[in-house]
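Chemist: This is the structure I have questions about; it appears just below.
In the working numbering, the protein residues as written are 2 to 189.
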């Protein structure tokens with residue numbers, strides 16, 4: 002056996018000498034291994050700040066990580082989420098879009114971008130993002146719930162009811178969602 006290594010992006014074990022991770026598509030070589038290592042270290046330090054709610058402190062670390070390694074999907078995603086949580090919603094869309102461009106099947110990135118768009122009142126775009134997340138990952142319960150909230154903001158009760166029912170199929174014990182569904186059905 003030739004040996005294995007770990008993907009810096011998704012942490013899956015892969016055969017040594019492989020150019021791209023077969024799981025996430027992360028480029029593993031090209032003479033940038035030191036930059037990739039530094040980028041992942043910066044990402045880890047930034048995540049520590051995020052875990053403490055220190056999003057403003059994590060943002061420059063994520064920015065440097067993606068500067069060092071522009072194909073760092075998780076770095077772009079984390080940067081977008083941190084910007085959103087820091088209240089910098091307009092800035093958050095671009096890194097989340099970059100993560101999606103690098104990994105078009107990244108359902109969590111679509112959901113995070115939907116969250117950012119919903120927070121600035123762009124509920125129609127948020128619905129598109131949540132819908133894409135659901136298309137990619139049909140049992141992604143949170144995407145149904147968040148899309149239901151966006152539908153409600155748009156006055157689309159029937160769609161919101163359907164999404165809450167779908168959400169409750171996956172999370173039947175969520176009392177908050179059940180109350181919201183009952184309230185919507187009572188107002189139909």
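Note that CB positions come from ideal geometry on N, CA and C, so glycine has one too.
When the Cα atoms are used, what is the spatial distance from residue 5 to residue 14?
Modeler: One-based indexing of the chain shown puts residue 5 at position 4. One-based indexing of the chain shown puts residue 14 at position 13. Taking the straight line joining both Cα atoms gives about 6 Å.
Chemist: What does the alpha-carbon distance come out to for the pair residue 140 and residue 176?
Modeler: Sequence index remark: in the chain shown, residue 140 carries index 139 (1-based). Sequence index remark: in the chain shown, residue 176 carries index 175 (1-based). Approximately 19 Å, taken between the alpha carbons.
Chemist: Please give me, in chain order, every unbroken run of the alpha helix (DSSP H) with length at least 4 that falls completely inside the segment 87-130.
Modeler: 90-103 and 108-120
Chemist: Cα-Cα, which of 84, 186 and 142 is closest to residue 48?
Modeler: Within the chain shown, the letter at position 47 stands for residue 48. When only C-alpha atoms are compared, the closest one is 84.
Chemist: State the Cα-Cα distance for the pair residue 101 and residue 108, rounded to the nearest angstrom.
Modeler: Walking along the chain shown from the start, residue 101 turns up at place 100. Walking along the chain shown from the start, residue 108 turns up at place 107. Rounded to whole angstroms, residue 101 to residue 108 spans 8 Å at the Cα level.
Chemist: State yes or no: is the C-beta of residue 86 within less than 9 Å of the C-beta of residue 51?
Modeler: For this step, residue 86 is matched to residue 85 along the chain shown. For this step, residue 51 is matched to residue 50 along the chain shown. Their beta carbons are under 9 Å apart, which means residue 86 touches residue 51 by this criterion.
Chemist: Rank 82, 35, 45 and 126 by C-alpha distance to the C-alpha of residue 70 and give the top, closest one.
Modeler: Your numbering for residue 70 matches position 69 in the chain shown. Ranking 82, 35, 45 and 126 by Cα distance to residue 70 puts 35 first.
Chemist: Any idea if residue 7 is buried or exposed, counting beta-carbon neighbours within 10 angstroms, 16 or more meaning buried?
Modeler: Position 6 of the chain shown, counted from the first residue, corresponds to residue 7. Exposed.
Chemist: Within this structure, are the beta carbons of residue 96 and residue 78 separated by less than 9 Å?
Modeler: By 1-based counting over the chain shown, the position of residue 96 is 95. By 1-based counting over the chain shown, the position of residue 78 is 77. A contact, by the Cβ cut-off of 9 Å.
Chemist: Would residue 171 and residue 149 be called neighbours here (beta carbons separated by less than 9 Å)?
Modeler: As a position in the chain shown, residue 171 is number 170, starting the count at 1. As a position in the chain shown, residue 149 is number 148, starting the count at 1. No, Cβ-Cβ distance for residue 171 and residue 149 is not below 9 Å.
Chemist: Who does residue 7 pair with in a DSSP beta bridge?
Modeler: In the chain shown, residue 7 corresponds to position 6, counting from 1. Answer is 14, bridged to residue 7.
Chemist: Assuming residue 51 is part of the alpha helix (DSSP H), what are its boundary residues?
Modeler: Numbered from 1 along the chain shown, position 50 holds the residue referred to as residue 51. Here the alpha helix (DSSP H) through residue 51 covers 34-52.
Chemist: Closest to residue 114 by C-alpha separation, out of 16, 130, 121 and 106, would be which residue?
Modeler: In the chain shown, residue 114 corresponds to position 113, counting from 1. Closest by alpha carbon: 130.
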